[in-house]
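Per the UniProt record's numbering: the sequence shown = residues 1 to 449. Reviewing the structure listed below.
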Amino acid sequence: MFKKILIANRGEIAARVIRSCHSMGIEAVAIYSEADENSRHVRVADNAYLVGGPRVNESYLNVDKIIEIALEANVDAIHPGYGLLSENAGFAKACHNNGIVFIGPTPEVIEKMGSKIEARKAMEAAGVPIVPGDSTPLLNVEEAEIAAKQIGYPIMLKASAGGGGIGMQMVHNQDELKKAFSGNQKRATDFFSNGAMFLEKLVEKPRHIEIQILADNEGNTIFLGERECSIQRRHQKVVEEAPSPFLDEKTRRKMGEDAVQAAKAIGYRNAGTVEFIMDENKNYYFLEMNTRLQVEHPITEEITGVDLVEQQIKIANGNLLTLEQSDIQLNGHAIEVRIYAEDPKTFFPSPGKITKFNILTGENIRHELAIEEGTTVTPFYDPMIGKLIVKGNSRDEAIKNLVNVLEKYEIEGIKSNIPVLLKIVTHPEFKNGNTTTNFIKEYLFQTKV
């Protein structure tokens, strides 16, 4: 087994990966920017190295410097966490080229799944349902107009290399398409250095449901149930739960089998997530594949009892899966909410020093935190400062537990989105399981999302 792993990330996910490393007897090496010198993930690591300035391109995205540190620290492997370099094929290649194991899939698979157009083509070839649309890269609005007429409005305009909702917009007619195309293409070019766009038919009243998979180096592949991630703001997930309140066992099994087929078709290795969009009649279509650990992975861990980071490390070490599909049983219900340092009225980031921080702990309550009392939240990074995960024997029990913990969550010195989270999880439509991706827009902030 690996003796030393570098975590090429920051915040709560770095601390979470470090915890699994320690439980496996593996030394954990952290990296930190000048802004993160006193961060929690630095304190809980065995060793920590300064990687650069406060901005991400100076530090956490500096591939050459991270590799240099990894070699200096004599690590066996690098865990990329999520975000940042986790789906960067060039970074995975750099690890391999320097004799360091990248804890994730191969660079070739990362590259293929990083292009939504190529991913659509691969899934269609594998027999996995895809949203009706046009998989041809569109380089200008004239090409988009021709494709849109063939598909029929309403449609979704998407960036091939997009993520996090960047470069994506709903379009109802030709005028909207003309207005939307250039702006989204520019954002895609700015963020991903790739302005290729494509179109899909709009799925009405959609749910966002994803399947967690694990695959070892011999191709043995299993799925670990699903996560409902439909409550989103500007295509960013806010509340996730497992299992979905909408699925029946037959649909769950079929989606899981399709996710396994998708993974096998591309030679996938390690942990990954196959994301689907589902309509009100339970028709589902491939959306994308995330070739990394998900932010919301803890809710799967809570209902299956499987440590996904531990599994990632074992697979990367060359171990075969000891779990079989029949071993995966879903027990209880888990819900995760993302805690952000942001103004709940304007959704603007709220950096500053945390002067008070008290949270409930106990059975069926799990906190994944980037902060503690005294931490200064800087303006340089994503404002997510933690995640709260609760579990119950039933969905109703999990909701009650969640509300209780949120109501007693004390954080001062910065503003947080906890008031918004409470509005969501106490809303009658949430309690009834009516959680489409339009939830926040329809029921909470019609003019602010």
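The C-beta atom is built at its ideal place from N, Cα and C for all residues, glycine as well. What you are looking at is a predicted structure, and each value in this text was computed from that prediction instead of being measured.
Inset, instruction - With a threshold of 16 other CB atoms inside 10 Å of the CB of residue 214, please say whether the residue is buried or exposed. - result: buried
Legend entry - Residue ranges of each beta strand (DSSP E) within the stretch 364-388, 3 or longer: 365-369
Legend entry - Limits of the alpha helix (DSSP H) - the one that residue 23 falls within: 11-23
Inset, instruction - Name, in chain order, the residues that DSSP records as bridge partners for residue 209. - result: 228, 276
Inset, instruction - Say whether the stretch 344-364 touches the stretch 400-416, bearing in mind that this needs 3 or more beta-carbon pairs closer than 8 Å, one atom from each stretch. - result: yes
Inset, instruction - On the DSSP bridge assignment, give the partners of residue 233 in chain order. - result: 236
Inset, instruction - State the Cα-Cα distance for the pair residue 364 and residue 134, rounded to the nearest angstrom. - result: 45 Å
Legend entry - Cβ neighbours of residue 24 in the same chain (closer than 8 Å, five flanking residues each side left out): 1, 310, 313
Inset, instruction - Going by CA-CA distance only, name the one from 405, 244, 75 that's closest to residue 394. - result: 244
Legend entry - Closest Cα partner of residue 298 within the set 225, 48, 236: 225
Legend entry - Euclidean distance between Cα positions of residue 447 and residue 441: Here the model assigns residue 447 a pLDDT of 41, short of 50, so the residue's position is not dependable and the matter cannot be decided.
Legend entry - For residue 369 and residue 122, the rounded distance between their alpha carbons: 37 Å
Inset, instruction - Please say whether residue 91 and residue 131 have beta carbons closer to each other than 7 Å? - result: no
Inset, instruction - Please report the Cβ distance between residue 78 and residue 100, rounded to the nearest whole angstrom; I am assuming they are in contact, meaning their Cβ atoms lie under 8 Å. - result: 6 Å
Inset, instruction - Could you check how far apart the C-beta atoms of residue 286 and residue 54 are, in whole angstroms? I think they sit under 8 Å. - result: Actually they do not touch by this definition, with Cβ atoms about 38 Å apart.
Inset, instruction - For residue 265, collect the residues of the same chain with a Cβ closer than 6 Å to its Cβ; drop the 5 residues on either side in sequence, then sort them by chain order. - result: 126
Inset, instruction - Could you have a look at residue 297 and say whether DSSP puts it in helix, strand or coil? - result: helix
Inset, instruction - Go to residue 282, then tell me how far its alpha helix (DSSP H) extends in each direction, as first and last residue. - result: Here residue 282 belongs to no alpha helix (DSSP H), and DSSP marks it neither H nor E.
Legend entry - Distance between residue 124 and residue 172 (C-alpha atoms, nearest Å): 26 Å
Legend entry - Same chain only: Cβ atoms within 7 Å of residue 223, ignoring 5 sequence neighbours per side: 211, 212, 213, 256, 259, 260
Legend entry - C-alpha distance - residue 180 paired with residue 61, whole-angstrom precision: 30 Å
Legend entry - Distance, residue 95 Cα to residue 66 Cα: 10 Å
Legend entry - CA nearest to the CA of residue 276, picked from 268, 269, 293, 252: 252
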